[in-house]
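Read the structure below first, then the notes.
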Amino acid sequence: MIYLDYNATTPTDSRVVEAMLPYFHDISANPSSIHTAGHKAREALEGSRTALAELLKSRNDEIYFTSGGTEADNTAIKGTSFAQDKRKKIITSAIEHHAVLTTCEYMKKFGFRVVKVPVDHYGVVDLDFLEQEVDDNTLIVSIMHANNEVGTIEPLEKIGEIVHRHGVIFHTDAVQTVGKIPIDVRTSGIDMLSLSAHKFCGPKGIGALYVRKGVRFDPLSHGGHHEGGKRAGTENVPGIVGLGKACEIALDEMSAEEKRIRKLRDRLWQGISERIPELKLNGHPEKRLANTLNVSVKYVEGESMLLQLDARGIFASSGSACTSGSLEASHVLLAMGLPHDMAHGSLRFSCGRYNTERDIDKVIEVFPGIVEKLRVMSPLYRP
1 MIYLDYNATT PTDSRVVEAM LPYFHDISAN PSSIHTAGHK AREALEGSRT
51 ALAELLKSRN DEIYFTSGGT EADNTAIKGT SFAQDKRKKI ITSAIEHHAV
101 LTTCEYMKKF GFRVVKVPVD HYGVVDLDFL EQEVDDNTLI VSIMHANNEV
151 GTIEPLEKIG EIVHRHGVIF HTDAVQTVGK IPIDVRTSGI DMLSLSAHKF
201 CGPKGIGALY VRKGVRFDPL SHGGHHEGGK RAGTENVPGI VGLGKACEIA
251 LDEMSAEEKR IRKLRDRLWQ GISERIPELK LNGHPEKRLA NTLNVSVKYV
301 EGESMLLQLD ARGIFASSGS ACTSGSLEAS HVLLAMGLPH DMAHGSLRFS
351 CGRYNTERDI DKVIEVFPGI VEKLRVMSPL YRP
């Protein structure tokens, strides 16, 4: 079994699981309780907040735990919108995750205008277009750090400079980058940042929202005074402990892991590109996540390739996992200018912590034969 779908989710690191286990039973108190057991749970929770703040180069009191990246995205966009009643413009990009795009669409019900910044053929946002659109009526600009499908990394510092000239809030969905590449929320000019633990070998169901001190936002849920009054509900202590441990591991191992995984990705690209004609690399050739390889195979549908790979114990993806039930072509690839047939023939391989050269060589051995077999069956293919 070869798992090459790390951008969809990752296996939970055994060290993370070990750190979490005591908090399911031995230290299971409510962290809001004032007794000793509650204090122990609170200490663990705050220790994880410190670990995440260190990873992001933020203050501890700027971190709010959530159930994941989707809740964090919703809180950033809805929360800032409902906290004021003057500015009525939201700017995002054409290649955002649906957690951002759908939330922005929802805000139209409340009188907000939504503008989508186009991208070039690499998936990089058009900074000139952004510069023209940001004005005194703009409330928030939400542009992802790196795209989940093609891996292209956006120029956050330049975006932050443009946005802040108009006193606008800059939010970034960093779900695909936290724990994979260094992030400094101060130097990048980020006001709000969303993340999810399960994208870097932490547990599912836990994430966080970074909010720069002074940025106002209303909570989505109301009840107790948890998370500084910004997210009601008893905290998921085992999950938060797992997130904290994943952050500690990332701080220690991120640089070496990125180099190792980049070699695997490049080995895969070289191997299949030499054996498969009419193969297109999607995303920026250099400014791209080290683990992500998105390709379009002419004359073949992505779903057919996935099924053939799956039958051989190789697990990859075609577009985002959150839209895998849809027959629509990837909105990301279409926004990058790919024709529908090439977008439908896309496949994403995303490597991770537990992949080896042996895994990659197996894909190089198997994948070209799959493509050749499917192309022979295609009425459009002329060898």
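By the UniProt record's numbering, the letter at position 84 of the sequence shown is numbered 84, and the numbering carries on one by one without gaps. Every residue gets a Cβ at the ideal spot worked out from N, C-alpha and C, and that includes glycine.
Considering only C-alpha positions, which residue in the set the options is nearest to residue i?
{"i": "A51", "options": "A246, N355, K298", "result": "A246"}
{"i": "M1", "options": "R375, Y354, L127, I169", "result": "Y354"}
{"i": "M20", "options": "N74, K109, V241, S93", "result": "V241"}
{"i": "H171", "options": "N148, I140, K180", "result": "I140"}
{"i": "V178", "options": "E253, I364, C104, K40", "result": "E253"}
{"i": "L264", "options": "D310, L380, E71, D361", "result": "D361"}
{"i": "Y23", "options": "G223, L243, S317", "result": "L243"}
{"i": "L334", "options": "N74, H164, A94, E301", "result": "A94"}
{"i": "S142", "options": "F110, H98, E149, G111", "result": "H98"}
{"i": "N7", "options": "G160, V175, S67, G167", "result": "V175"}
{"i": "R375", "options": "V211, A316, L279, F200", "result": "L279"}
{"i": "K373", "options": "S304, I314, D128", "result": "S304"}
{"i": "G111", "options": "D191, T138, E96", "result": "T138"}
{"i": "F129", "options": "I91, S32, I261", "result": "I91"}
{"i": "D341", "options": "A329, S350, G352", "result": "A329"}
{"i": "A76", "options": "R212, P11, S33, N148", "result": "R212"}
{"i": "T9", "options": "P383, I364, S350, I370", "result": "S350"}
{"i": "Q132", "options": "H166, M107, V371", "result": "H166"}
{"i": "Q270", "options": "L220, K78, R382, L293", "result": "L293"}
{"i": "K108", "options": "K78, V117, D126", "result": "K78"}
{"i": "Y378", "options": "G302, V115, S58, H331", "result": "Note that residue 378 is Ser in the sequence shown, not Tyr. That would be G302, whose Cα lies nearest to the Cα of S378."}
{"i": "A3", "options": "G352, G239, I34", "result": "First, the amino acid is wrong: residue 3 is Tyr here, not Ala. Residue G352 is the option with its Cα nearest to Y3."}
{"i": "E18", "options": "F200, I261, G239", "result": "G239"}
Once you ignore the five residues that flank residue i on each side, which residues in its own chain have a CB closer than 7 angstroms to its CB?
{"i": "A83", "result": "R216, F217, D218"}
{"i": "T152", "result": "Y122, G123, V124, A146, G283, H284, K287, R288"}
{"i": "H198", "result": "T9, T10, K204"}
{"i": "G202", "result": "T12, V16, G242, L243, A246"}
{"i": "I370", "result": "M305, Q308, L309"}
{"i": "L268", "result": "L293, F349, I360, V363, I364"}
{"i": "R262", "result": "A290"}
{"i": "G230", "result": "The question names Gly, but residue 230 is Lys in the sequence shown. Same-chain partners within the cutoff: Y64, P219."}
{"i": "D73", "result": "A99, V100, T103, D173, S194"}
{"i": "R59", "result": "A53, K213"}
{"i": "R49", "result": "N60, I63"}
Who are residue i's beta bridge partners in DSSP?
{"i": "Y64", "result": "L209"}
{"i": "N282", "result": "N294"}
{"i": "E170", "result": "The sequence given here places Phe at residue 170; Glu does not occur at that position. DSSP lists V141 as partners of F170."}
{"i": "V115", "result": "I91"}
{"i": "A146", "result": "I153"}
{"i": "F315", "result": "Y3"}
{"i": "L193", "result": "T172, Y210"}
{"i": "F349", "result": "L293"}
{"i": "V125", "result": "V119"}
{"i": "R288", "result": "T152"}
For residue i, which residues from the same chain have a beta carbon less than 8 angstroms from its beta carbon, with the 5 sequence-adjacent residues on both sides left out?
{"i": "residue 385", "result": "The requested residue 385 does not occur in the structure, where the chain is confined to residues 1 to 383."}
{"i": "V366", "result": "L309, R312, I314"}
{"i": "E54", "result": "C247, L251"}
{"i": "residue 387", "result": "No answer is possible for residue 387: it lies beyond the span of the chain, which begins at 1 and ends at 383."}
{"i": "G228", "result": "D61, Y64"}
{"i": "K88", "result": "G111, F112, R113, N137, L139"}
{"i": "N236", "result": "F65, S67, G205, I206"}
{"i": "D135", "result": "K89, H166"}
{"i": "E161", "result": "G189"}
{"i": "K40", "result": "I27, A29"}
{"i": "E38", "result": "Note that residue 38 is Gly in the sequence shown, not Glu. Cβ neighbours of G38 beyond the five flanking positions: A29, N30, P31, S32."}
{"i": "V117", "result": "I91, T92, S93, A94, V125, D126, F129, L130, E133, I143"}
Since residue i and residue j are thought to touch, with beta carbons under 8 angstroms apart, how far apart are those beta carbons, to the nearest angstrom?
{"i": "H298", "j": "G345", "result": "Residue identity differs from the one stated: residue 298 is Lys in this sequence, not His. Going by Cβ atoms, the distance from K298 to G345 rounds to 6 angstroms, so yes, they are a contact pair."}
{"i": "L306", "j": "A316", "result": "6 angstroms"}
{"i": "Y210", "j": "E357", "result": "Y210 to E357, Cβ: 36 angstroms. No contact."}
{"i": "D173", "j": "E96", "result": "7 angstroms"}
{"i": "residue 387", "j": "S32", "result": "The structure shown does not extend to residue 387, since the chain is modelled only from 1 through 383, so no value can be given for it."}
{"i": "K180", "j": "E71", "result": "Their Cβ separation, rounded to whole angstroms, is 21 angstroms, which puts K180 and E71 out of contact at 8 angstroms."}
{"i": "V115", "j": "D126", "result": "Wrong, their Cβ atoms sit about 12 angstroms apart, outside the cutoff."}
{"i": "T149", "j": "V332", "result": "Before going further, note that residue 149 is Glu rather than Thr in the sequence given. Indeed, because the Cβ distance is near 5 angstroms, the residues count as touching under 8 angstroms."}
{"i": "S318", "j": "L347", "result": "6 angstroms"}
Beta-carbon within less than 6 angstroms of residue i's beta-carbon, same chain only, minus the 5 sequence neighbours each way: which residues are those?
{"i": "G69", "result": "V175, S194, S196, G207"}
{"i": "G224", "result": "A232"}
{"i": "L220", "result": "T75"}
{"i": "L380", "result": "Y299"}
{"i": "I34", "result": "none"}
Within the present structure, is the beta-carbon of residue i separated from the nearest heavy atom of the ligand MG by less than 7 angstroms?
{"i": "K298", "result": "Here there are no bound small molecules, and the ligand MG is not part of this structure."}
Okay, do the stretch 179-187 and the stretch 37-47 touch, 3+ Cβ pairs below 8 angstroms being the bar?
-> no
Quick one: any contact between the stretch 154-164 and the stretch 98-115, if contact means 3 or more CB pairs under 8 angstroms?
-> no
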